[in-house]
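The sequence shown begins at 1 in full-length UniProt numbering and counts up one residue at a time. Report on the following structure.
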Amino acid sequence: MKVEELIIDGFKSYATRTVISDWDPQFNAITGLNGSGKSNILDAICFVLGISSMATVRASNLQDLIYKRGQAGVTKASVTIVFDNSDKSNAPIGFESSPTISVTRQVALGGTSKYLINGHRAPQQSVLHLFQSVQLNINNPNFLIMQGKITKVLNMKPTEILSLIEEAAGTKMFEDRREKAERTMGKKEAKLQENRTLLNEEIEPKLEKLRSEKRIFLEFQETQKDLEETHRVVSAFDYNYLVQKQTSVVETLQTSENRIIELKELITKVTDELGSLNEDLEQIQVQKKNELDKNGKLAKLESNESKLMNEISRLKTSYKISEDNLSDTLSKLKSKGKNLEANKQELSNKSKMFEKIEEEYKGINIQLDEYKQTYKKKEELLSTLSTGISSTGGTDGGYSAQLNNAKTKLNEANVSIKKSNIKIEALQRELASNEPKMESAKKDLEISLKQIKQYEEQCSQIQLKIKEHGYDAETVKELKQKKIAIEQQLNKIERENEYLKRKVANIDFTYTKPTGDFQEQSVKGVAARLFHLNENNYSSATALQVCAGGRLYNVVVDNEKTASQLLQRGRLRKRVTIIPLNKIMARKLNDKTLNIAKEISPGNVELALNLIGYEEDVAKAMEFIFGSSLICKDAETAKKVTFHPQVRTRSITLQGDVYDPEGTLSGGSRNMNSSLLVDIQKYNEASKQTYVLQEELSVIQERLVALERVYEGTRVLQNEYNLLKHKLRLAQRNLDSNSSTQVMKRNEEIYQELAVCNNEITTNNELVLKFGNEIKQIERDMKEFSKDKGSKLKELKNELESLGKQIENQEVIAESKSDLFQNLQLETEQLSNEIQADEHYIEQTSVSKKSLEEELETISTQLKEIENELQLVQDQLSEEKKRLLDIDEEAADLANIIKSKSEIKSNSELELQKLTHDLTKFKNSTSGINEKIKQLADENEWLSDETFVAGIIKQNKGIDIESYRERNEQLLGRFNDMKRKVNPNIMAMIENVEKKETALKTMIKTIERDKVKIQETIEKLNEYKRDTLIKTWTKVNEDFGNIFADLLPNSFAKLVPSEGKDVTEGLEVKVKLGSIWKESLVELSGGQRSLIALSLIMALLQFRPAPMYILDEVDAALDLSHTQNIGHLIKTRFKGSQFIVVSLKEGMFTNANRVFRTRFQDGTSVVSVMQ
């Protein structure tokens, strides 16, 4: 939709009807003198388009738009634009069938305004929708660039430039929707807070109070119910008790009188029996005394038993010691055996290495001989050429002799080539004769290979089945190899450990468990093995050893009970001092004294305890041993520290000299090569390593045992697998031995021999070439020598010098290999000697083992004999004790009978006394029971129903009536207290409040869900806005750079985010002139800045093209050439839009397709067409 005709009547400076027609659909320019009405044409177009801002049309109100404000007789202003609507694809909605569209706007004095579309009255909103449907957004007229907009763009901040991009992108819709969502969110939040306040401040406190009253009411009801039930049970039991008691009192009176008579008779009878039993007991006691004194037989048997048991104990101890010795001997024998095997293995490895080094040594000597031989030849040649006589006295060492020698070798190489060719011909003939046999051989081979493949597949299937059962032969093989490696490593460490053990012999502590339930962890061990010394502190080892002294070998235990058990029954092999952790008084040097000592000599003093590491459970023992001594770097430091009045502490130097504050000094010559403490640390580390390896070995052995059990379970499959493997080997052996395979092997051998012959021919051809070149070289040398003898001799001398150096280097290598060769020879001899020594040791130990086994057998025989003798004595002793026991049992039976009879008599007398007393009491209590029964029946009428009372008693059978009675009293008191506080209407009140609470909580949850949905909508809108904005920025930025480059060649511009910010926080303009990026737009000229603004505006216009653009003197600050560029740009880049440009520059309107000129004539503006 393009402007085709503009009719202005009474609008601003156009007093009379002015028709401006024949507008170009692309580029129109309006020019004229200042004040001639150029811009008024643009104002007229804006007036029709419905732009509401008066500033845009340069007026304060609508009346200002009428010619001379209506004072010249013109009472209204009217503007009509006729649009060409021939492009149906871009026609406004509803006007597709109209070839032209005329839009008229009139304003009369008083400010009334009306619109006409195609001559018919139309509301302003319809006009706005008409223009908006063809991309003319009247609310945001980016198609309108009036005077001053260029300056405004130049002064824009990054956020304002960003707003231009947002306008072009059309993200205002997202902003409106987001603001609407945020307003809705605010309303939801306010409603949510209102509901929460109501719930928290009114409903919940009230509900909590009502719930409390409800609990009291329910508790009151429960108490009332319990009280009634408890009172009924107590009354029924009391009534029943009194009735039964009334009945039983009469019966009891009669029974008691009869019982009193019976008791008196029983007491008389029991008294007579007791006298007879006492006489019998005295007789038995006299008989036992006589038996014990008879010949002392029991004492003799017990003495004999004790002697035999002592002898058995001694023999068992001897047997245990011999058994331990045998076990130790077997262990050593096994260890030596492993050591012997390891040495043999090592000897084998060394022997192989020795043979390899020997071969290398021989090869080096051969090469050295070759170098010497070549040197000798060169030397003889030089001597012969120089003197005519060689160094050996002969005359055949010159070039002639060399030439003859080379020709002889050349002849030999040619003969060798002929021989190889003859052999090749013979082999090829044999190959041709074997050709007929190959076909059948291949078929036989194919059958054999197929059978072998079948066996292999069957083997694989069985192997998979075995693996499914958990057995893997490869794993077993790996485990066995690993076991052997660990055992070898363990043997090596144990040898080292044995050596260290001999050096630190006193730190082992062995004992026998004193009791069966003895806890081994209560024995911590020897003090020397309870701490560790860091390698960095090895220099302090001697000082720490002196500090500890004899305490280094003390045994640390948890308490004095353990120490006592070890000393008494631990069968210790040597005297030891034991440190019980719960009894020792550990004294540690205080921190203040230590700090003073360190300040005296910084870096040279440390507490002995701080130089070692230890576990927390032995901390007291370590403090007892090392806690009160200082370690000093030298004697001078020790003197200063020890005798300082604020320290006064025992000090020890690194050399082991002791300085005591009492004035004594001790020290002297010490072996500084090694420290016992360092050896102990190494021994401890080796022991730990041995333990770790033994644990690992144990795990491997367990796995091997488990796999062996699995193997037993798969024995049938294993047998089947072995059978198939055997068949496979037979098939492979048959394949290797049959005639077809032999033919094929022979063919392969022939091909190999042919390859060897061809290689020999190649080698000999190379030799022929080499010797031919050598002959030529010798001949050239002879010619050169005949021409220039001196230079040739000099060249030979240089070659001799070079060979001499090579020989020297080779001799050095040979010498180093010789040393290695001799060292290996020495090591193998040494290993052989060690193997002989180990074999001798094993032989001697075997003899010792046999002796110990015989000794064990002897002790075992003696032990059995004495045990048999002991058994006989114990049998006799048992019989004697049994006879005496029978006498004791008879006496005990009599004593028990006497005791029971005495108790019967005593109980009967007591019962008689009690019955007499109760009889009197029952007679007095009968009247009181009758009164209580009457009182209960009066208070509880239901007691008269005996069936009801019996039912209550049956239901509560077995209860504790006293606890029920106490509970009845408590419930009665609680019932009376609660009766005053209870609210009987609470249930109805709380139901109403709970309904309100439920409704409010439901409403809160609904609002919270709505808030989440609104928040999600806002986040989506932000994402859509950002994506649209970035796409717009990318396109506008690209067009901006291209347009500016067109307007100002060799330049470039771009929009970039502010430093350290995101693109959504603001955009800045960056300009490059030539190869230099400008820091700021201030560095540009006014024209360049105008070009920047214009380029940006044009890029924005191009992003979302409108059908029409209005530009008012946008080239005011530009020179002619730049104006020309802008005009050309409009003409070339915006072909689909209609431009109406007001300009005073020739460069602009020379590019226009239609130019209108305005002039002011007789007080009114007039328009004419220039082209």
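Note that beta-carbon positions come from the ideal geometry of N, C-alpha and C, so glycine has one too. As the structure is a prediction and not an experimental result, all values here were calculated from the model.
Check	Outcome
By alpha-carbon positions, which one of Ile364, Gly613, Lys1078 ends up nearest to Glu808?	Ile364
If you scan the segment 598-648 from start to end, which runs of the alpha helix (DSSP H) of 4 or more residues do you find wholly inside it?	619-626, 635-642
What span of residues does the alpha helix (DSSP H) with Val710 cover, start to end?	676-713
Could you please give me the residues that DSSP links to Val103 through a beta bridge?	Ile81, Ile117
For Asn765 and chain B, any beta-carbon pair shorter than 8 Å?	Reference to chain B is not applicable here, since this structure consists of a single protein chain.
What are the boundary residues of the alpha helix (DSSP H) that includes His1128?	1120-1133
Are the segment 554-563 and the segment 652-660 touching, with three or more C-beta to C-beta distances below 8 Å?	no
Which of the three DSSP states is assigned to Arg1104 in this structure?	coil
In the DSSP assignment, what are the bridge partners of Ser21?	Glu5
Assign Arg575 to one of three DSSP states: helix, strand, or coil.	coil
Helix, strand or coil: how does DSSP classify His917 here?	helix
If you follow the alpha helix (DSSP H) that Phe131 is part of, which residue opens it and which one closes it?	124-132
Can you tell me whether DSSP reads Gly656 as helix, strand or coil?	coil
Enumerate in chain order the residues of its own chain whose CB-to-CB distance from residue 1172 is below 7 Å, with the five nearest sequence positions on each side excluded.	The structure shown does not extend to residue 1172, since the chain is modelled only from 1 to 1171, so the question has no answer here.
Is it a yes or a no for the segment 1038-1051 touching the segment 1124-1136, going by three-plus beta-carbon pairs under 8 Å?	yes
How long is the line joining the alpha carbons of Arg17 and Val48, rounded to whole angstroms?	16 Å
Would you mind sorting Val1069 into buried or exposed? The rule is 16 or more other CB atoms within 10 Å of its CB.	buried
Comparing C-alpha positions only, which one of Glu496, Gln732, Glu265, Thr252 sits nearest to Thr920?	Thr252
For Gln694 versus Glu305, is the C-beta spacing smaller than 8 Å?	no
Rounded to the nearest angstrom, what separates Ile8 and Ala44 at their Cα positions?	7 Å
Taking the alpha-carbon positions, what's the Val949 to Ile933 distance?	14 Å
I need the DSSP call for Leu581, collapsed to helix, strand or coil.	coil
Just mark Pro205 as buried or exposed, buried being the case when its beta carbon has 16 or more other beta carbons within 10 Å.	exposed
Buried or exposed for Ile484, please, with buried defined as at least 16 other CB atoms from any protein chain shown within 10 angstroms of its CB.	exposed
Measuring alpha carbon to alpha carbon, tell me which of Val705, Lys583, Glu606, Phe1103 ends up nearest Lys592.	Glu606
Should the segment 259-271 be regarded as contacting the segment 908-915, the criterion being three or more beta carbon pairs within less than 8 Å?	yes
Give the C-beta separation of Val1141 and Phe1156 to the nearest angstrom, bearing in mind that I take them to be a contact with Cβ-Cβ under 8 Å.	No, Val1141 and Phe1156 are not in contact; Cβ-Cβ is about 11 Å, not under 8 Å.
Please return the same chain residues whose Cβ sits closer than 7 Å to the Cβ of Phe771, not counting the five positions on each side in sequence.	Ala406, Lys409, Leu410, Ala413
I'd like to confirm the pairing. Which residues does DSSP put opposite Thr16 in its beta bridges?	Paired residue(s): none; Thr16 is not in a bridge.
With DSSP as the reference, please indicate the residues paired to His532 in a beta bridge.	Gly613
Please classify Glu1068: does DSSP put it in a helix, a strand, or coil?	strand
Using a Cβ-Cβ cutoff of less than 7 Å, which residues in the same chain neighbour Thr1017 once the five nearest sequence positions on both sides are dropped?	Ala181
Less than 7 Å between C-beta atoms, sequence neighbours within five positions excluded: which residues of the same chain meet that for Val19?	Glu5, Ile7
May I ask you to verify whether the segment 1062-1079 touches the segment 1018-1034, counting CB pairs closer than 8 Å and requiring at least 3?	yes
Taking 7 Å as the cut-off, does the CB of Ala528 come closer than this to any heavy atom belonging to the ligand GDP?	Inclusion of the ligand GDP in the displayed structure is not the case, the ligand content being empty and no account of it being possible.
With distance defined between alpha-carbon atoms, name the residue in Asn434, Arg733, Ala638 nearest to Leu449.	Arg733
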